[in-house]
Amino acid sequence: MDKKVRFINLLRHQEKNVLDKFLDWAFTVGRAIVIITESVALSAFAYRFVLDRQIIDLKDEIKKEQAIVQLYQTNERKFRDLQIRLATAKTLDQESGKKTTLLNDILQKAAGRMSFQSLTLTKTAVSMDGIVPSAGAIAAFTSDLRDLPNVASVSIGAITNNVATGVISVSIQASLVQQPTPGADPDQLAPAEPAPVPVEEVPVP
């Protein structure tokens, strides 16, 4: 039968001092801290490369977008210029239509009453020079002019009676109603009353 071997430690148990404890901690916990720190540093270093790559890609993308914007800039200017031209043409067409309607109305009112020698149409007034057979024709024609929706007021200028021909020459001016524009003061757009013009009384044959 085997005999059990017993060992007897005759050395006295020695407690670790502070230096030994510190060395043990440095080789265990300290090593773990160093490893973790180095891992964080390496991760930050690698992430820096990723950020640099993203920044470079963004700069390239911005350059591409700038090139596209510059390419379409000329076309955008042409498009805006075309829009302005179309708006201007539309406005002129509307004004032309209104002027044509107004002239037709005036000619209809003057039929059989006044023969025009000149007729001038502006944005604010219509000036007419012509001959009429009688003073009653002047009164009737000016009364019909005042009834037109685009006419604000009517004034009679010089009147001349030609006894030799038996006709009366007259000058008439009609102030037009101004269309209000967005944001404008309606009081400023109201047509001014024409200044009174002395009228020479002439005998009517």
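Okay, so the sequence shown: first residue is 196 according to this note's numbering, each after it adds one.
Here a beta-carbon is modelled for each residue, glycine too, at the ideal position from N, C-alpha and C.
For clarity, every value in this text was computed on a predicted model and none was experimentally measured.
If you reduce the DSSP assignment to three classes, tell me which class residue i lands in.
i: residue 352; result: strand
i: residue 316; result: strand
i: residue 357; result: strand
i: residue 342; result: coil
i: residue 306; result: coil
i: residue 289; result: helix
In whole angstroms, what separates the C-alpha of residue i from that of residue j?
i: residue 217; j: residue 230; result: 18 Å
i: residue 288; j: residue 356; result: 40 Å
i: residue 323; j: residue 335; result: 15 Å
i: residue 293; j: residue 264; result: 42 Å
i: residue 279; j: residue 358; result: 56 Å
i: residue 244; j: residue 227; result: 26 Å
What are the partner residues of residue i, as DSSP defines its beta bridges?
i: residue 368; result: 322 and 350
i: residue 311; result: 325
i: residue 363; result: 327 and 356
Contact check, residue i vs residue j under 8 Å by CB: the rounded distance?
i: residue 331; j: residue 309; result: About 12 Å; that fails the 8 Å criterion.
i: residue 367; j: residue 349; result: 7 Å
i: residue 351; j: residue 365; result: 7 Å
i: residue 304; j: residue 340; result: 6 Å
i: residue 298; j: residue 277; result: About 31 Å separates the two Cβ atoms, so there is no contact after all.
Under the criterion of a Cβ to heavy atom distance below 7 Å, does residue i qualify as lining the ligand MG?
i: residue 371; result: Looking at this structure, you won't find the ligand MG or any other ligand, since it has none at all.
At 3 residues or longer, what runs of the beta strand (DSSP E) sit wholly inside the stretch 209 to 280? none
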